[in-house]
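The structure under discussion appears below in the form of structure tokens.
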Amino acid sequence: MRMRPSVWPGAPVLLFCLAFGGAREVQVPGGPLYRVEGTAVSIPCNVSGYEGPSLQNFEWFMYRPAAPDHSIAIASTKESKFAYAVYAARVQSGDIYIHRVGGDRAELRIKRLREEDAGVYECYTPTTDAQYLGSYSAKVLLRGTAPTHTVTHTHSHCHSHSHCHSLTLSLTRTVTHTECYTPTTDAQYLGSYSAKVLLRVLPDSLQVSGRSAPRGRLVPAPPLQLTLSEGSDLHVDCTALSDSPQHSHLSVSFGLTRPGAPVGRHTLQDIVSVQRDFSVEPAQSDPYSRRHQMGELRVEKSDSGTFKLVLSRAQPQDSGTYHCTAAQWLQDPDGTWQRVAEKRSILAEVTIQTIESQLKVSSGPRELTINSGEVLEMWCNVSLAVVPPPDVGFAAEWYRKATEDAPEQLVARLSQDGFVTMGGRYSGGEGGARHISLEKMPPLPGTYRLRIHSAQPGDVGLYSCRANALVTYPGARVEEVAQRVAPSVGVAMRTQDVALDAHTLLQSSTLHRGDTAILLCNVTVETPQPVRIAISWWAELPGEDPEETAGRLVASLSREGVSETGFRLFGEELVTDKAGPQCYRLRMYNIQPEDEGKYYCAATAWVQYPDLSWYNAATARSNSVTLYPYARAKDLLLIPMVAGVASALFVGIFILATVTCCYMKHLRIRKR
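Numbering (mature numbering (1 follows the signal peptide of the UniProt record, and there is no 0)), first residue to last: -23 to -1, 1 to 649.
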């Protein structure tokens, strides 16, 4: 048994020293401390008010409830073979050891608590002081669950450097007093040289599982195998229970290990946790922090100790192995909370099937040949291998291209909300409004039927259906998660040909400046169906390359007979009208040299369909005629006349100036 100093009997001197001088003081946490069997425990001990070197030694003793006055040596920083036989093996194996935090601070650490470790622990510090002042050990009470014991221990009174006890004790509960004792190196005993703390060992009652048996008892069970579709809600349950006799709190956290990764703490990605105060904290990193803010991640708790993880609108990256980690928390007398137990359980292995892998799109018929003016009808069938989740919607688009290598043009789009959008070619323009419908047929996802009424030759080509799967998130955020394109539908048409020809002539072959130029465009149409002709007049001015530009629009006459003027340099008056059944006329008043150029007409044949839309059935360009404004005869004589008058004026002025100069000179000579 290790000898430790008793309290110094000189009370007046002790009070004087405590009042006017420092005293050694050994401190351990206030007890009792509650810890759980099978877990690790660390009991700190520090010494202050000492003299001598800053590196102090520590010795730990333990008092079991059966013999509360009998100390058992555990470990020492000074002697390697300090432990008694009951602890020697555990000290040698490293299960029990002293961890030095600083020169005057150390911790007794037990990696795995046993039931018999309950008791009072004393920390003793051998003195290095000139006087014995302070405490040299500390004890803690550790409660266990051992059966009833009766212990009798007696010995005679001894002097101040030995243990002196006489006690008979009957126990009905396991209460062990463990003491950490630091042997003194001080010259006098002033202060305390040890401190004690009570450590109680509770049975390990923490249970965590993904499934619960009747009466709340958890049983081992293989993890669930869950297969969900993208966009569905993921529910994973975790039941955490503790039958601890001491009041405790539980915290629960959910984690995920990605598919293919080894299951372990280093591969576990935190998702969300419920703290001991029932506050919910998501993982700090994306995507779970963002999803929690958007309401897609939450934890629901029931009265039976079951925590339910809910991930709304599951995504492919949610696949993997889900874990639940439960921790038991106890509050020490100083108010701090200690995590005394922790267990982890595999809840479920989840596979999220992507919508893209389940989405199928087909179209029909494969080929279609119709007559001009008939209804063009095609369908696009969209299906999923499973029933689509409620937050998953679908949209369909039909595209057309004239040939295999031509660019695609949007025909119509039907959104998941039921709104139809027409492509630019089908939304109006010079062809008029087209009667086109795109509707969704039940059941979900459904068949999308495209109907083009009064089909035109311009509708010939390849049609493809594109289906999009979209997930709607809180806040009206919509995200496309899959897209499929169906094989093309080939559309051919039996048309009634329209033969169109145009010829331009100048009514007068010789025109002078200021005249009115009249151009005629004769149109020839051969077709069994009624057509309307639209005419446009074009000019190719000198200096313009015909290969680079089609010319400048001078005037036009629509199929309804409305005329519009286009380009003319000086903005002089233009008139275009219909001079005969198939003859169209352009009149240009007061022509000038700037109007010189080549002129031609372009004719367009329009066919109207039953839905009142118009189709450009044929276009023809006429020959070009040259317009050259000649100068008039009076314009030709004006230049010589002006030149003659100018010359005469110059000669007259020169002669008059010469005569005047000579006369003035003669007068000056006579005066002399």
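Note that beta-carbon positions come from the ideal geometry of N, C-alpha and C, so glycine has one too. These numbers come from a predicted model, not from an experiment.
My output table needs one value for Leu518: the three-state DSSP class, helix, strand or coil.
Position 541 of the sequence shown, counting from 1, holds the residue named residue 518. It is coil, neither helix nor strand.
Pick from Thr553, Lys278, Glu521 that is closest to Ala532, judged by C-alpha positions
As a first step, residue 532 is located in the sequence shown; it is residue number 555 there, counting from the start. Comparing Cα positions, the closest option is Thr553.
Element boundaries [alpha helix (DSSP H), containing residue 653]:
With the chain covering only -23 through 649, there is no way to say anything about residue 653.
Proximity to Leu307 [Cα-Cα], best of Lys278, Ala389, Leu387, Ser219
Taking the sequence shown and counting its residues from 1, one reaches residue 307 at position 330. Comparing Cα positions, the closest option is Ser219.
Kindly give me the distance between the Cβ atoms of Glu374 and Leu387, rounded to whole angstroms, as I take these residues to be in contact under 8 Å.
By one-based count along the sequence shown, residue 374 stands at place 397. By one-based count along the sequence shown, residue 387 stands at place 410. At roughly 7 Å, the Cβ-Cβ gap stays under 8 Å, so Glu374 and Leu387 are in contact.
What separation, rounded to the nearest whole angstrom, lies between the Cα atoms of Ser296 and Glu326?
For the purposes of this step, residue 296 is taken as residue 319 along the sequence shown, with counting starting at 1. For the purposes of this step, residue 326 is taken as residue 349 along the sequence shown, with counting starting at 1. Between Ser296 and Glu326, the C-alpha separation is close to 8 Å.
Three-state secondary structure (DSSP) at Val622?
One-based indexing of the sequence shown puts residue 622 at position 645. Residue state, collapsed to three classes: helix.
In terms of DSSP beta bridges, what is Asn348 paired with?
As a first step, residue 348 must be located in the sequence shown, where it is residue number 371. Its beta-bridge partners are Arg471.
Does the Cβ of Asn600 have 16 or more other Cβ atoms within 10 Å, making it buried, or fewer, making it exposed?
Your numbering for residue 600 matches position 623 in the sequence shown. It counts as exposed.
So is Met470 buried or exposed if we call it buried at 16+ other beta carbons inside 10 Å?
Indexing the sequence shown from 1 puts residue 470 at position 493. With 16 or more other Cβ atoms within 10 Å, it is buried.
Three-state secondary structure assigned by DSSP to His136:
As a working mapping, residue 136 is identified with position 159 in the sequence shown. With a pLDDT of 33 at His136, under the threshold of 50, the modelled position of this residue cannot be trusted, and the question is left open.
When you compare the CB positions of Gln433 and Tyr586, do they come within less than 8 Å of one another, or not?
As a first step, residue 433 is located in the sequence shown; it is residue number 456 there, counting from the start. As a first step, residue 586 is located in the sequence shown; it is residue number 609 there, counting from the start. The answer is yes: Cβ separation under 8 Å.
Could you tell me the alpha carbon to alpha carbon distance between Leu336 and Lys285, rounded to whole angstroms?
In the sequence shown, the residue the question calls residue 336 occupies position 359. In the sequence shown, the residue the question calls residue 285 occupies position 308. When rounded, the distance between both Cα atoms is 30 Å.
For Phe35, does the three-state DSSP call read helix, strand or coil?
The count along the sequence shown starts at 1 and reaches residue 35 at position 58. Of the three classes helix, strand and coil, the one that applies to Phe35 here is coil, per DSSP.
For Ile630, which three-state DSSP category applies?
Taking the sequence shown and counting its residues from 1, one reaches residue 630 at position 653. Of the three classes helix, strand and coil, the one that applies to Ile630 here is helix, per DSSP.
Roughly how far, in whole angstroms, is the beta-carbon of Tyr170 from the beta-carbon of Val3, given that I think they are within contact range, below 8 Å?
Along the sequence shown, read from residue 1 onward, the residue named residue 170 stands at position 193. Along the sequence shown, read from residue 1 onward, the residue named residue 3 stands at position 26. Sure, about 6 Å apart at Cβ, within 8 Å.
With which residues is His212 paired in a DSSP beta bridge?
For the purposes of this step, residue 212 is identified with residue 235 of the sequence shown, where counting begins at 1. Note: His212 sits in a beta bridge opposite Val287.
Tyr403 at chain B interface by Cβ criterion, 8 Å:
Chain labels in this structure do not include chain B; a single protein chain is all it has.
Top-ranked residue by Cα proximity to Gly543, from Ile73, Ile512, Gly96, Gly341:
Position 566 of the sequence shown, counted from the first residue, corresponds to residue 543. Nearest option by C-alpha distance: Ile512.
Residues of its chain near Arg321, where Cβ-Cβ distance is below 6 Å and the 5 sequence neighbours each way are ignored:
Your numbering for residue 321 matches position 344 in the sequence shown. Result list for Arg321: His300, Thr302, in chain order.
Please report how far the alpha carbon of Leu359 lies from the alpha carbon of Val185, in whole angstroms.
In the sequence shown, residue 359 corresponds to position 382, counting from 1. In the sequence shown, residue 185 corresponds to position 208, counting from 1. Note on residue identity: the sequence assigns Val, not Leu, to residue 359. Rounded to the nearest angstrom, the two C-alpha atoms are 44 Å apart.
Note down, one range per segment and in chain order, each beta strand (DSSP E) of at least 3 residues found wholly within the segment 419 to 483.
423 to 429, 438 to 450, 454 to 462, 466 to 471, 476 to 483
6 Å Cβ shell around Ile646 - same chain, five flanking residues per side excluded:
Numbered from its first residue, the sequence shown carries residue 646 at position 669. Correct list: empty, nothing qualifies.
Which residue from Leu477, Ser228, Leu245 puts its Cα closest to that of Thr234?
The residue you call residue 234 lines up with position 257 of the sequence shown. It is Leu245 whose Cα lies nearest to the Cα of Thr234.
Are the Cβ atoms of Ile568 and Ala516 separated by less than 8 Å?
The residue given as residue 568 occupies position 591 in the sequence shown. The residue given as residue 516 occupies position 539 in the sequence shown. No. Outside cutoff.
Could you spell out where the alpha helix (DSSP H) holding Tyr265 opens and where it closes?
As a working mapping, residue 265 is identified with position 288 in the sequence shown. Segment 265 to 270, the alpha helix (DSSP H) holding Tyr265.
Residue from Gly272, Ile51, Ala304 with nearest C-alpha to Cys215
By 1-based counting over the sequence shown, the position of residue 215 is 238. Among Gly272, Ile51, Ala304, the Cα nearest to that of Cys215 belongs to Ala304.
Return helix, strand or coil for Val24, following the three-state DSSP convention.
As a first step, residue 24 is located in the sequence shown; it is residue number 47 there, counting from the start. Looking at Val24 - three-state DSSP - the assignment turns out to be strand.
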